[in-house]
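Protein chains in written order, with the working numbering: chain D, 10 to 331; chain U, 2 to 273.
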């Protein structure tokens with residue numbers, strides 16, 4: 010009796026309506042509302058499973074049976090995917106090696122974070138811009154060490170991600186300039202290279218300054234990149250590049266210095282030496298091991314539904330259906 | 002010169018469509034059957050329309066899927082191509098032109114008011130998945146449009162004037178069955194559109210689904226379509242109720258295709 014209720018087509022209609030309401034709620038809500046979808050999807054899985062078990066129509070309509078089983082598989086895969094996914098963002102200056110640190114991160118409760126074991130290096134990029142500063146193709150060369158020890162290189166960008174241990178790294182539209190400094194701590198410990206990721210360019214063209222604390226230090230500095238030349242010309246096609254004539258301004262409290270390459274600035278916690286200007290690239294990272302299975306289940310669902318309708322419609326001509 | 006010729010070719014096509022539509026409406030009103038002439042005019046219109054699209058594609062180096070003008074240009078073409086195929090293959094539904102053509106007239110008027118100048122082709126559009134995604138979307142909307150034409154006839158026949166003008170059309174149950182078939186084809190193509198769209202989104206933005214406005218409303222349209230098909234199976238509803246549900250699905254799909262992409266600030270816009 011309960012199984013028949015759970016399998017009823019009327020319940021399917023209620024669930025479809027509830028799913029619609031849940032989607033609208035999640036869409037209109039400003040806070041994450043995965044829970045709103047979880048209830049109707051769980052009910053949908055139960056409804057489908059009960060229908061498959063109790064409804065005799067599935068015993069002689071194989072296509073319909075496959076369709077319903079594929080729908081159940083999709084719901085289960087989405088559930089597993091949401092529990093184990095990872096989505097994040099990171100930035101790497103040219104020559105910098107990824108060490109597992111993300112600037113933003115969102116993940117499912119069952120995600121086994123393996124990012125710390127992954128390493129690759131940003132070896133620079135080029136981006137074409139069309140007239141009107143319209144972004145074109147991104148080509149970013151990256152390198153990593155293969156399990157055999159040899160250095161591998163690949164160009165990624167736009168639709169081409171770098172895939173490592175199931176993590177998919179995509180270049181993002183965020184990129185900019187990165188002044189680099191060598192920091193000699195007063196404590197006498199080894200000098201460290203520090204990169205300052207200035208706000209994204211050309212998105213924040215007129216805000217090329219940021220507060221930055223040297224590696225291991227406590228006192229924040231204010232670092233600014235000043236240049237007058239036009240990097241991306243709206244009047245003609247151009248390419249992202251570093252400015253050729255620029256000034257690096259560093260300010261600590263009331264002290265303000267303009268540094269040229271190799272020049273040093275003495276601070277309370279150590280000595281800061283300007284090393285040069287590089288670029289930085291922003292990446293998004295995505296992990297969901299269910300992706301190929303989800304695609305397979307979706308394809309199976311749509312093909313079986315098409316097969317079901319074909320069987321149903323081919324028996325009667327389209328110009329004279331009864 | 003090429004741009005002007007492209008527009009003139011399009012206007013010639015639109016004139017032929019309007020002539021065909023007017024002839025179809027007058028034919029239904031006067032209970033005449035100018036069907037062969039309507040078909041010929043639509044076919045000639047489609048040929049000119051195709052030439053106009055090919056000229057634009059060749060001039061700009063990309064397909065008509067960036068600006069509102071291009072989206073209307075390609076959708077009027079695809080909707081008419083699918084409708085003409087149905088019109089030719091299923092003579093029993095030819096009176097539906099009196100319902101379908103006015104809907105297309107609205108789109109044609111909108112097309113004429115839209116700016117025909119080129120837009121910027123985002124780098125995320127350089128993928129074969131975009132073409133497949135758009136293709137399935139057009140097939141979906143085309144099938145639902147044919148179902149709307151049939152549903153319109155079912156509803157119009159309830160009016161005193163419609164019952165006289167449309168007396169030679171097949172009975173409601175037969176029209177309802179045909180409408181269901183086109184809606185069934187519609188759900189197949191919409192599902193394929195969503196799947197392929199997810200593949201494209203994964204490549205383009207590093208996520209297969211993010212509930213952006215177009216994704217959300219496309220999924221709501223899919224749910225509405227699934228709901229309408231299920232209601233028909235569960236309750237054996239009357240052809241009139243079935244027809245109203247078909248129209249509801251079409252309205253939602255129309256708003257999703259032509260409304261949401263242009264009020265949204267998300268990256269997923271204008272791809273249908």
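All C-beta atoms, glycine included, are put in the ideal place defined by N, C-alpha and C.
query: C-beta atoms of residue 177 of chain D and residue 166 of chain D nearer than 8 Å; result: no
query: Residue 319 of chain D versus residue 327 of chain D - alpha carbon distance; result: 12 Å
query: Cutoff 8 Å; reference residue 128 of chain U; Cβ partners in own chain excluding five residues on either side; result: 201, 204 and 205
query: Cα-Cα separation between residue 244 of chain D and residue 141 of chain D, rounded to whole angstroms; result: 6 Å
query: Neighbour list for residue 196 of chain U in chain D, Cβ cutoff strictly below 8 Å; result: 304, 307, 308 and 311
query: Local conformation of residue 76 of chain U per DSSP, three classes; result: helix
query: Residue-chain proximity (residue 295 of chain U, chain D), Cβ-Cβ < 8 Å; result: Past the boundaries of the shown model lies residue 295 of chain U; chain U is included only from 2 to 273, so the question cannot be answered.
query: Short-range partners of chain D found in the region 230 to 257 of chain U, where Cβ spacing is below 8 Å; result: 231, 232, 234 and 235
query: Alpha helix (DSSP H) segments (min. 4 residues) lying fully within the region 67 to 133 of chain D; result: 71 to 93
query: Listed by chain order, chain D residues near residue 212 of chain U by CB distance under 7 Å; result: 35 and 36
query: Positions along the region 178 to 193 of chain D whose CB lies within less than 7 Å of some CB in chain C; result: This model lacks chain C altogether, as its protein chains are D and U.
query: Any chain U beta carbon closer than 8 Å to residue 168 of chain D; result: yes
query: Residues in the region 138 to 150 of chain D having any Cβ partner in chain U nearer than 8 Å; result: 139, 141, 143, 144, 145, 146 and 147
query: Cα-Cα separation between residue 30 of chain D and residue 130 of chain D, rounded to whole angstroms; result: 45 Å
query: Residue 204 of chain U in three-state terms, based on DSSP; result: helix
query: Three-state secondary structure assigned by DSSP to residue 296 of chain D; result: strand
query: Residue 83 of chain U vs residue 149 of chain U beta-carbon contact at 8 Å; result: no
query: contact_flag[the region 109 to 129 of chain U, the region 61 to 79 of chain U] where n(CB pairs < 8 Å) is 3 or more; result: yes
query: Reference residue 59 of chain U; option with closest CA among U/238, U/262 and U/6; result: U/6
query: Backbone secondary structure at residue 190 of chain D - three-state DSSP; result: strand
query: CB of residue 3 of chain D within 8 Å of CB of residue 103 of chain D, strictly; result: In the structure as shown, chain D begins at 10 and stops at 331. Residue 3 of chain D is therefore absent and cannot be evaluated.
query: Straight-line gap, residue 254 of chain U to residue 222 of chain U (C-alpha atoms, nearest Å); result: 6 Å
query: Any C-beta of chain D under 8 Å from that of residue 173 of chain U; result: no
query: Distance, residue 227 of chain D Cα to residue 246 of chain D Cα; result: 43 Å
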